[in-house]
Amino acid sequence: MLRKILPVIITWALQVSSVASAIIPDIRADTNRDGVVDMAGDSDVGNKAIWTEGRGAIFLPNVGDKHSRCPNTDLNNVPLSNDELAFCNDASGHMLLAPEYVAPLKTMPLQGISDGAKAHVYATPRPAYERVRIFLLDDLANSNSTNSWRLVDRQFNFNATQLRAGLTLGIDGREFVKDSEIWDGHVTINFDVYDTPESINFVRDSLFNQSSDIWAQDVVEPAYASMPGPDGPIAIRIMLRSAQSTRTGGRQVFEQMRGPGFGAFQPSGYSGTGFPGSGFGYHTINSYGNLETIPPHRSKRGILYKAGRVIQGKHYDSFPAQAVRDLIFSNGVQSTLFLETGWLRVGHVDEFVQFVPYDNDLGFTIAIATPDLAINLFQEAQAAGYGEAMAISFDAQPQIDRFKVDMPLYLNLTINDVLSNATFMEINAYAQKWINHNLDILLSEIPLDRDDVIHVPGLFRDRSGGGVYINPDGLDFYWPPVLKDEYQLGAFLPGAINGIVVGDQYLSPNPFGPVINGEDILAKAVKAAYSRAGMNVTFIDDYFSHHMRGGEVHCGSNTLRQTDKVWW
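Count the sequence shown with mature numbering (1 follows the signal peptide of the UniProt record, and there is no 0) and you get residues -22 to -1, 1 to 546, in order.
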């Protein structure tokens, strides 16, 4: 017999913080099963972390069809398959279509917290996280309206104002308990509160015209499928949506891009693969800035990659979404080569490597960020007597006046300041170590002479535990913890490697390096590097628009490539 009720265990967790002793987080459910959450007394407090036959909150699988939106046939009036028929219900998306069936959750108002306090509410264990939904009630006066509720995932940030007022939440189930060995229907709801001096920058971004997301490279990866035709290959473009289910900008792949000659791919969710691997949430490892392609070649092991080979970055023991990995593997022509990107805060391969056309047997070479080269340029300038030149030459004043914002970090540092900072030098040596490691991986597979590698100057800074960028809907990226003896780095000044290759033209972030005798020494070195490949460099100012938000030109743009290449 199917279990129509699902138990939920309520608990809370407090992260260590500067005012931990003053904060007592308290999240409650209907533990005593009287139909309401007791906020005035303590009847729902005792033993709330223990579910028994007589005590413990209960929630429902919200699998009805309140608005009769689920079809029985497709657009051609063909009956749906059994699986298709069963897939659609009120819980098959991210909207709360039947609010009357959510079980209530509430947090006690928190006092004595700073304006920078934030909190997360999420379900554990992992199988439960993937099978339940938690919603926040925004409009307390209209709780029966779908528009009053919004989905909460592990990356959703509640701010101090919300925490002081107390949260009204609801939980429902996406499915039945079908295999107790995988999930027995028990859920623990975690209420994690953070109150630290860390400032939180609220960023309003834009992608297309229907999203709060500027990272066009990350939400979609253009691909194609092709077959032989009488006049050459016949191809249809396939726009791959990123495996980030709560990243609403990805919906535009279907809403705006799918059409004549354009199909779309939606990564399915995977249970039991870990949070990043499941594709649920907003994990940066699953952004497509972390997926690039080596041009066509025959590897050192003799394997011919006529359509090129995919590279993705892993974060130590964490790998990108299983759905995307399976898609690449199952198509059988571009098997993934994994690099290590866990040393980066955002963690994308496009932050340090790219492939450019080149006059050699392969027809391409590797361009790679090289901190040692940038450090050498700074040291040469210092030795020539220019140590007091500004390390970053970007003029922020017009933007400060326009947007009424504070002076960005690091713009007051000189070359002497940078080179005398032991931590900065250690961090860039650390970055160079990992870049060398990844270059060795690439050169172990690609028959490329190491002397043909193009080194592009770039510097990094420590962003371990740095600012959190939050979208207007409250969802931010998931930042994995920093491992012992490791860092999470980001670009110190705009990363010239993180641009767009268009034939023999290169659209590069303007590095805004030190200006010596009227010339930016980093920009000069970038032009010289790409000139080895016969490329012309055009610099683009992305300092305020993207660099300060953790990305560059490549992260904020995308391209459609040729589809007439023969892969068979």
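Even glycine gets a Cβ: it sits at the ideal position worked out from N, Cα and C. Since the model is a prediction, treat every value here as computed from it, not as a measurement.
- Pairing residue 425 with residue 284, the inter-Cα distance amounts to about 15 Å.
- With 16 or more other CB atoms across the displayed protein chains lying within 10 angstroms of its CB, residue 336 is buried.
- Taking C-alpha positions only, residue 529 is separated from residue 154 by approximately 41 Å.
- Membership of residue 115 in the beta strand (DSSP E) is indicated by the continuous run 110 to 115.
- The beta-bridge partner set that DSSP reports for residue 296 consists of 293.
- Between the C-alpha atoms of residue 473 and residue 230 there is a straight-line separation of about 28 Å.
- Taking a contact to require three or more Cβ pairs closer than 8 Å, the segment 390 to 397 and the segment 303 to 313 do not qualify as touching.
- With a cutoff of 8 Å on beta-carbon distance, residue 134 and residue 80 are scored as not near each other.
- Classified as buried, residue 69 has 16 or more neighbouring CB atoms from the shown chains inside 10 Å of its CB.
- Counting only residues of its own chain and dropping the five nearest sequence neighbours on each side, residue 268 has a CB closer than 7 Å to the CB of 290, 291, 298, 319, 325, 326 and 327.
- Going by C-alpha positions, residue 461 is about 55 Å away from residue 208.
- Nearest Cα to residue 225 within the set 196, 504, 534 and 334: 196.
- Taking C-beta atoms as the reference points, residue 397 and residue 503 fail to come closer than 8 Å.
- Apart from the 5 residues on each side of it in sequence, residue 244 sits with its Cβ closer than 7 Å to the Cβ of 219 in its chain, given in chain order.
- Residue 489 has its alpha-carbon roughly 26 Å from the corresponding atom of residue 538.
- Around the beta carbon of residue 146, a 10 Å sphere encloses 16 or more other beta carbons of the protein chains shown; the residue is thus reported as buried.
- Note that the C-beta distance between residue 40 and residue 102 is not below 8 Å.
- Residue 478 holds the alpha-carbon nearest to the alpha-carbon of residue 516 among 478, 301 and 342.
- The shortest C-alpha to C-alpha distance from residue 374 to any of 109, 387, 366 and 362 is the one to 387.
- Ranking 349, 139 and 227 by CA distance to the CA of residue 411 puts 349 first.
- CA-CA distance, residue 287 to residue 76, rounds to 45 Å.
- Exclusion of the five residues before and after residue 499 leaves 355, 359, 491 and 492 as the residues of its chain whose Cβ lies within less than 7 Å of its Cβ.
- Following the DSSP letters along the chain, one finds residue 271 inside the beta strand (DSSP E) bounded by residues 269 to 272.
- Look at residue 278 here: in three-state DSSP terms it is coil, with no helix or strand label.
- Secondary structure of residue 96 (DSSP, three-state): strand.
- When C-alpha distances from residue 295 are compared across 399, 263, 343 and 12, the shortest belongs to 263.
- In this structure, the CA atom of residue 136 is about 23 Å from the CA atom of residue 18.
- If you compare the alpha carbons of 123, 483, 514 and 342 with that of residue 430, the shortest gap goes to 342.
- Counting of Cβ neighbours within 10 angstroms places residue 546 among the exposed residues, the total staying below 16.
- In this structure, the beta-carbon distance from residue 37 to residue 149 falls below 8 Å.
- Residue environment: residue 300 is assigned as buried (16 or more neighbouring CB atoms within 10 Å of its CB, all protein chains considered).
- For the set 476, 542 and 381, the Cα lying nearest the Cα of residue 345 is the one of 476.
- The beta carbons of residue 329 and residue 322 sit about 6 Å from each other, so the pair counts as a contact at 8 Å.
- Secondary structure at residue 327: helix, using DSSP grouped into helix, strand and coil.
- Counting only runs of 3 or more residues that sit fully inside the segment 10 to 77, the beta strand (DSSP E) segments are 35 to 37, in chain order.
- Along the length of the segment 388 to 469, whole beta strand (DSSP E) runs at least 3 residues long occupy 432 to 435, 438 to 440, 446 to 448 and 467 to 469, reported in chain order.
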